[in-house]
C-alpha cells in the first residue's frame, strides 16, 4: 500500500486511496476483491497482491499502454 | 480508553520529533450515525495529532460540511486526508489499523518532508505520466 501513496506524493497526476475492504464491502464486491492487497487503477486496471516496486512499475506500464484493450 | 498503547505512542512521538520537517494537516471526515468505525478513526487521528505540534487536525462532518467534502473529493467515511504544502491525493478510507497504522505514520512523515524514496526508474516513469491515475488499494486490518 505504501507504494501507491508514495507515487501520489511524488506525482501530481497520481492520487491513492487505501480502502479498508471489510468496512466497504460493496466496493470489495464491485472490484471482486478476494485477497488483499488488491490494487484498482482508474476503475479498470486491477493488480493482485503486494509486489516489489519494479514489478508494480512494469505492470503499471503494461496496463497503461495504448491499444491493449482488445486482448 | 486510548487506542494507542503507551509504547507505540512513545515510538511514534520520537519519530515525529526526529523526522517531521514541515507542518502537516490531518483532515478527518466523520459522522455520528451509521458509520461503524467513524468514532474510532476520529479518536485515532486525535491521538496521532497530539503527538506532534507540527500536526494539525481538522475534523468535518461528512453529512454537513459539503464544501469540504467536495474540496477533498471524499466519497465515503471514515476518511483521512494527509495534507502538506499541497494536497498530494493521499487518502485513507476506513480505520488505519495494524499494518496500515504504520503506513499512516510513514505517509505523514513523507508528506512533511515533501519527498519519498523511490527507485530512479519509478521516478522517471512517473515523470512521463500526463493523465490522472487513481489508485484504490484494498486492504484489511492485520
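Protein chains in written order, with the working numbering: chain A, 12 to 82; chain B, -16 to 125. Idealized CB from N, CA, C, for every residue including glycine.
Hey, does residue 119 of chain B have any beta-carbon neighbour from chain A nearer than 8 Å? By 1-based counting over the second chain, the position of residue 119 of chain B is 136. Closer than 8 Å to some Cβ of chain A, the Cβ of residue 119 of chain B qualifies, so yes.
Contacting residues, own chain, Cβ-Cβ under 6 Å from residue 56 of chain A (five flanking each side not counted): For the purposes of this step, residue 56 of chain A is identified with residue 45 of the first chain, where counting begins at 1. Here the set comprises 74.
Coarse secondary structure for residue 43 of chain A, derived from DSSP in three states: Within the first chain, the letter at position 32 stands for residue 43 of chain A. Correct three-state label for residue 43 of chain A: coil.
In whole angstroms, what separates the C-alpha of residue 48 of chain A from that of residue 36 of chain B? Here the question's residue 48 of chain A lines up with position 37 in the first chain. Here the question's residue 36 of chain B lines up with position 53 in the second chain. The straight-line gap from Cα to Cα measures roughly 33 Å.
Can the beta-carbon of residue 31 of chain A be found closer than 8 Å to that of residue 13 of chain B? Residue numbering aside, residue 31 of chain A sits at position 20 when the first chain is read from its first letter. Residue numbering aside, residue 13 of chain B sits at position 30 when the second chain is read from its first letter. Taking 8 Å as the Cβ cut-off, residue 31 of chain A and residue 13 of chain B do not qualify as a contacting pair.
By the 10 Å Cβ neighbour count, where 16 or more other Cβ atoms means buried, how is residue 82 of chain A classified, buried or exposed? Walking along the first chain from the start, residue 82 of chain A turns up at place 71. Low confidence applies here, because residue 82 of chain A scores a pLDDT of 46, under 50, leaving its location unreliable; read the following figure in that light. Per the 10 Å Cβ criterion, exposed.
Look up residue 76 of chain B in the DSSP assignment and give the residues it is bridged to. Residue mapping note: residue 76 of chain B aligns to position 93 of the second chain, counting from 1. Answer is A/30, B/62.
Within this structure, are the beta carbons of residue 119 of chain B and residue 25 of chain A separated by less than 8 Å? Start at 1 with the first residue of the second chain, and residue 119 of chain B comes out as number 136. Start at 1 with the first residue of the first chain, and residue 25 of chain A comes out as number 14. Cβ atoms of residue 119 of chain B and residue 25 of chain A: not closer than 8 Å.
DSSP beta-bridge partners of residue 13 of chain B: As a first step, residue 13 of chain B must be located in the second chain, where it is residue number 30. Per DSSP, B/44.
Determine, using beta carbons only, whether residue 6 of chain B comes closer than 8 Å to chain A. Reading the second chain from its first residue, position 23 is the one you call residue 6 of chain B. For residue 6 of chain B, the answer is no, since every Cβ of chain A falls outside 8 Å of its Cβ.
Using 8 Å as the threshold, is the C-beta distance between residue 21 of chain B and residue 60 of chain B below it? Locating residue 21 of chain B in the second chain gives position 38, counting from the first residue. Locating residue 60 of chain B in the second chain gives position 77, counting from the first residue. Yes. Within cutoff.
Neighbour-count burial assignment, residue 62 of chain B, 16 or more Cβ in a 10 Å radius: For the purposes of this step, residue 62 of chain B is taken as residue 79 along the second chain, with counting starting at 1. With 16 or more Cβ atoms within 10 Å of its Cβ, residue 62 of chain B is classed as buried.
Can you find the residues in the same chain that come closer than 6 Å, C-beta to C-beta, to residue 79 of chain A, ignoring five residues on each side of it along the sequence? By one-based count along the first chain, residue 79 of chain A stands at place 68. Note on residue 79 of chain A: pLDDT 48, under 50, position unreliable in the model; no value is reported.
CB contact flag (residue 68 of chain B, residue 97 of chain B, <8 Å): Within the second chain, residue 68 of chain B is the residue found at index 85, counting from 1. Within the second chain, residue 97 of chain B is the residue found at index 114, counting from 1. Yes, these two residues count as a Cβ contact at 8 Å.
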